[in-house]
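**Student:** Below you'll find the structure I mean.
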Amino acid sequence: MATRNSIRTPLARAKGLGASGGGTDHFWHHRITAVSNLLLVLPFVVIVALVAGQPYAEAVAIVSHPLAAILLALFVISVTVHMRLGMQIVIEDYVHGKGAKIAAVIANTFFAIVIGAASLFAIAKVSFGPLL
Amino acid sequence: MASAESARAEAKRPLSPHLQIYRWTWTMAMSIFHRATAIVLYVGTVFLAFWFVSLASGPESYASAAWFFGSPIGYLLLFAYTWALMHHMLGGVRHFVWDFGQGFEPSQRFLLAKLTLVGSISLTLVIWLVALIAR
Chain S
219 MATRNSIRTP LARAKGLGAS GGGTDHFWHH RITAVSNLLL VLPFVVIVAL VAGQPYAEAV
279 AIVSHPLAAI LLALFVISVT VHMRLGMQIV IEDYVHGKGA KIAAVIANTF FAIVIGAASL
339 FAIAKVSFGP LL
Chain L
401 MASAESARAE AKRPLSPHLQ IYRWTWTMAM SIFHRATAIV LYVGTVFLAF WFVSLASGPE
461 SYASAAWFFG SPIGYLLLFA YTWALMHHML GGVRHFVWDF GQGFEPSQRF LLAKLTLVGS
521 ISLTLVIWLV ALIAR
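As they're listed, the protein sequences go chains S and L.
In terms of the numbering used here, the first sequence opens at residue 219 and continues consecutively.
In terms of the numbering used here, the second sequence opens at residue 401 and continues consecutively.
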């Protein structure tokens with residue numbers, strides 16, 4: 219057998235997941251959601267501009283349109299995933315205490331999930347409300 | 401006694417340069433702007449979720465949300481948020497260029513940094529002009 223000049227096991231090398239166990243997933247998901255954000259931000263801005271200043275019935279009609287509701291929901295998912303990944307980088311850069319860092323990373327995840335869940339529920343309720 | 405002396409000696413030791421020492425450059429400023437706008441956008445999602453939930457909660461809660469966003473403070477927040485969104489978007493595009501190994505020459509870096517700021521301000525003004533004119 220050939221000699222290894224690394225203490226990493228062959229299995230660890232083959233898996234390529236590194237010390238975090240997550241490999242390049244964080245970086246990669248950040249880039250994928252950056253692409254989807256880029257695609258969805260224009261529809262988002264247009265929909266918000268259309269709704270702005272409208273009375274309630276008009277606002278509900280615009281947001282509950284399937285195309286608008288689907289684009290808004292995709293935007294919310296893409297943005298909350300992206301911002302969770304990004305804020306984790308900021309936390310890991312600036313919060314050095316181990317306990318504080320773990321707490322901040324968990325709080326960051328909870329924040330992203332609460333924002334995402336509340337927004338998606340609201341979009342769904344506005345969309346399905348007239349049907350139910 | 402000895403520890404007090406060593407503490408004093410430590411205090412006199414020259415510190416490594418920090419933000420207030422460096423001469424500001426475009427690339428340095430836009431790097432910090434990218435992170436700053438990210439944090440603004442992150443906090444601002446509270447307002448986005450608030451707006452969605454108020455719409456889902458019925459005419460009365462939507463009216464109060466619409467009043468808030470239609471107030472001078474609301475307009476200021478929305479305008480600042482538009483700029484932060486556009487700036488972070490263009491900063492992200494700049495990072496994509498770098499991800500493909502392009503744009504690292506000094507002249508290219510400075511051009512990209514300046515385009516990010518000029519572009520974000522231009523896009524923000526275009527969005528607001530179009531939205532206000534179309535009203």
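Using N, Cα and C, we set each Cβ at its ideal position, and we do this for glycine too.
Only a predicted model underlies this, so the values are computations on that prediction, with no experimental measurement involved.
Can the beta-carbon of L:GLY519 be found less than 8 Å from the beta-carbon of L:LEU485?
**Tutor:** Cβ distance not < 8 Å, so L:GLY519 and L:LEU485 don't count as in contact.
**Student:** Check whether chain S comes within 8 Å of L:PRO506, counting only Cβ atoms and requiring the distance to be less than that.
**Tutor:** No, L:PRO506 lies away from the interface with chain S (no Cβ there is under 8 Å from its Cβ).
**Student:** Would you mind reading off the limits of the alpha helix (DSSP H) that contains L:GLN508?
**Tutor:** Here the alpha helix (DSSP H) through L:GLN508 covers 506 to 534.
**Student:** Going by Cα to Cα distance, which pick from L:MET430, L:VAL443, L:SER416 is closest to S:MET305?
**Tutor:** Closest option to S:MET305, Cα to Cα, is L:VAL443.
**Student:** Starting from S:SER238, find everything on chain L with Cβ-Cβ shorter than 8 Å and list it in chain order.
**Tutor:** Chain L residues near S:SER238: none, gap ~20 Å exceeds 8 Å.
**Student:** For S:THR227 and S:VAL299, which I take to be in contact (beta-carbon distance under 8 Å), what is that distance rounded to the nearest angstrom?
**Tutor:** At roughly 32 Å, the Cβ-Cβ gap does not stay under 8 Å, so S:THR227 and S:VAL299 are not in contact.
**Student:** How far does the alpha helix (DSSP H) with S:ASN326 in it extend, from its first residue to its last?
**Tutor:** Per DSSP, S:ASN326 belongs to the alpha helix (DSSP H) from 316 to 346.
**Student:** Does the Cβ of S:SER296 have 16 or more other Cβ atoms within 10 Å, making it buried, or fewer, making it exposed?
**Tutor:** Burial call: buried.
**Student:** Helix, strand or coil, according to DSSP, for S:GLN306 in the structure here?
**Tutor:** The answer is helix: DSSP assigns S:GLN306 an H, G or I state.
**Student:** S:VAL344 and S:VAL266: beta carbons closer than 8 Å?
**Tutor:** No, the Cβ-Cβ distance between S:VAL344 and S:VAL266 is not below 8 Å.
**Student:** Give the straight-line distance between the Cα atoms of S:ASP311 and S:PRO273, rounded to the nearest whole angstrom.
**Tutor:** Cα to Cα, the separation comes out at about 44 Å.
**Student:** Taking only runs of the alpha helix (DSSP H) that begin and end inside the region 450 to 514 of chain L, which ones reach a length of at least 4 residues, in chain order?
**Tutor:** Runs of the alpha helix (DSSP H) inside the region 450 to 514 of chain L: 459 to 470, 472 to 499.
**Student:** So for L:ARG423, helix, strand or coil by DSSP?
**Tutor:** DSSP places L:ARG423 in coil when its eight states are reduced to three.
**Student:** At the 8 Å Cβ level, is L:ALA436 part of the contact set with chain S, yes or no?
**Tutor:** Answer no: the Cβ-Cβ gap between L:ALA436 and chain S never drops below 8 Å.
**Student:** Let me see if you follow: with CB-CB separation under 8 Å, is L:VAL440 close to chain S or not?
**Tutor:** Closer than 8 Å: no.
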